[in-house]
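In the working numbering, the protein residues as written are 603 to 992.
Note that beta-carbon positions come from the ideal geometry of N, C-alpha and C, so glycine has one too.
Note that the structure is a prediction, hence the values are computed from the model and not measured.
So this is what it looks like as structure tokens:
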């Protein structure tokens with residue numbers, strides 16, 4: 603699904619999404635009053651230029667590793683935005699954009715979600731209006747909240763009393779007492795949870811001018827993209843452990859394996875936006891094909907087969923507090939040296955065996971921190987499964 607953001611801003615942009623095999627569309631959020639959007643409003647935040655390895659699986663059993671030494675590669679890890687909701691009136695959406703988009707979605711068997719906000723009284727007005735126009739479901743947002751989740755509950759009650767179609771609550775990463783909140787939302791009659799919204803405030807500065815990159819108040823924006831995924835993933839898992847409501851995971855999806863992670867912790871669907879801003883609507887086809895390939899090569903017939911399979915491993919106590927060194931698969935090792943570079947315990951070295959560079963691990967020095975296993979581009983370094991779950 604698309605998340606509610608500029609990629610679904612109007613009927614024409616939604617048509618482009620539908621044409622790229624999307625399963626569902628969430629239109630850009632509307633409210634009673636059009637937003638005042640500062641300019642600039644969107645910015646990429648990256649880590650500069652660098653070198654890395656790309657692991658391409660050509661077909662099962664055949665791996666090609668490509669170095670980017672010769673390329674200037676941007677490591678994009680987040681996007682900042684200073685937008686809040688649409689600066690177009692809700693009347694325009696209801697009179698023009700929604701009817702065109704809904705018709706096109708139905709012709710292509712794509713679900714259409716309206717996104718509305720923010721206060722209970724606003725949702726009570728907008729909810730019936732968008733339901734009447736024929737949307738399949740409503741995603742509702744509240745303004746960023748502090749230590750009390752009551753505004754979300756109040757908004758959910760107001761919307762539930764106003765409409766009969768499914769409603770989904772979108773929550774922010776720092777929403778307090780999430781497990782308690784979702785149980786309350788379930789009692790109210792909310793049909794699902796969307797986790798999560800962007801996080802902030804966040805700031806980025808143009809070092810050539812000293813000016814903030816974004817044009818919002820204090821230069822602040824809200825962060826999305828890959829840096830958000832670990833936060834959102836943890837929240838999706840917490841929700842899945844505490845309710846039977848479907849959870850839609852959103853935040854930081856850029857590859858098919860990101861989708862796999864969300865489903866493994868209990869998501870029923872996923873949304874994405876940031877990577878589509880960078881790659882365009884064709885990214886949905888790419889990620890879908892990556893998901894299908896992963897499932898096929900791992901012996902699964904459906905993505906539902908992996909839903910929630912990681913939850914049993916997420917326990918309150920730590921796995922272990924003693925060192926268990928990982929092992930190196932010499933067939934997969936390409937001798938890139940990343941593992942040696944990041945090991946602060948000097949436990950990893952690169953040996954020349956014949957004409958091939960191979961990593962080796964000194965078990966007397968290894969702390970078992972696991973950093974080398976996550977930086978290895980070919981997954982040649984790993985913990986044995988029996989060591990992970992003892």
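Boundaries of the beta strand (DSSP E) harbouring residue 794: 794 to 797, taken from the DSSP string. Taking 3 residues as the shortest admissible run, the region 667 to 741 contains the following complete beta strand (DSSP E) segments, listed from N- to C-terminal end: 675 to 683 and 713 to 719. Each residue's CA atom was taken as its position, placing residue 648 and residue 681 some 9 Å apart. DSSP places residue 772 within a strand segment (E or B) once states are collapsed to three. In summary, residue 809 is exposed, with fewer than 16 beta-carbon neighbours lying within 10 Å of its beta-carbon over all protein chains present. Between residue 818 and the set 828, 937 and 807, the nearest pair of CA atoms involves 807. Closest by C-alpha distance to residue 815, out of 843, 895, 688 and 644, is 644. Under DSSP, the beta-bridge partners assigned to residue 873 are 852. Here residue 954 carries a strand assignment [DSSP, helix/strand/coil]. In the DSSP assignment, residue 823 falls outside any alpha helix (DSSP H) and lies within the beta strand (DSSP E) extending over 823 to 826.
Membership of residue 838 in the alpha helix (DSSP H) is indicated by the continuous run 831 to 844. In the structure shown, the three-state DSSP call for residue 961 is strand. The beta carbon of residue 865 lies closer than 7 Å to those of 905, 908 and 909 in the same chain, with the five residues before and after it left out. Residue pairing from DSSP places residue 814 in a beta bridge opposite 807. Residue 885 carries a helical assignment under DSSP once its states are collapsed to helix, strand and coil. Under DSSP, residue 984 takes part in a beta bridge, and its partners are 929. One alpha carbon belongs to residue 937, the other to residue 954, and they sit about 9 Å apart. Under DSSP, residue 937 forms no beta bridge with any residue. By alpha-carbon distance to residue 637, the top candidate from 616, 684 and 679 is 684. Beta-bridge partners assigned by DSSP to residue 647: 680. Note on residue 772: 16 or more other CB atoms within 10 angstroms of its CB, so buried under the neighbour-count rule. Rounded to the nearest angstrom, the gap between the Cα atoms of residue 886 and residue 623 is 7 Å.
Put simply, of 934, 926 and 969 the residue whose alpha carbon is nearest the alpha carbon of residue 944 is 969. By the beta-carbon neighbour count (other beta carbons within 10 angstroms, threshold 16), residue 956 is exposed. Taken through DSSP and simplified to helix, strand or coil, residue 613 comes out as helix. The Cβ-Cβ distance between residue 869 and residue 850 falls below 8 Å. Going by beta carbons, residue 739 and residue 780 fall outside the 8 Å limit. Fewer than three pairs of CB atoms, one per stretch, sit closer than 8 Å, so the region 890 to 901 makes no contact with the region 690 to 705.
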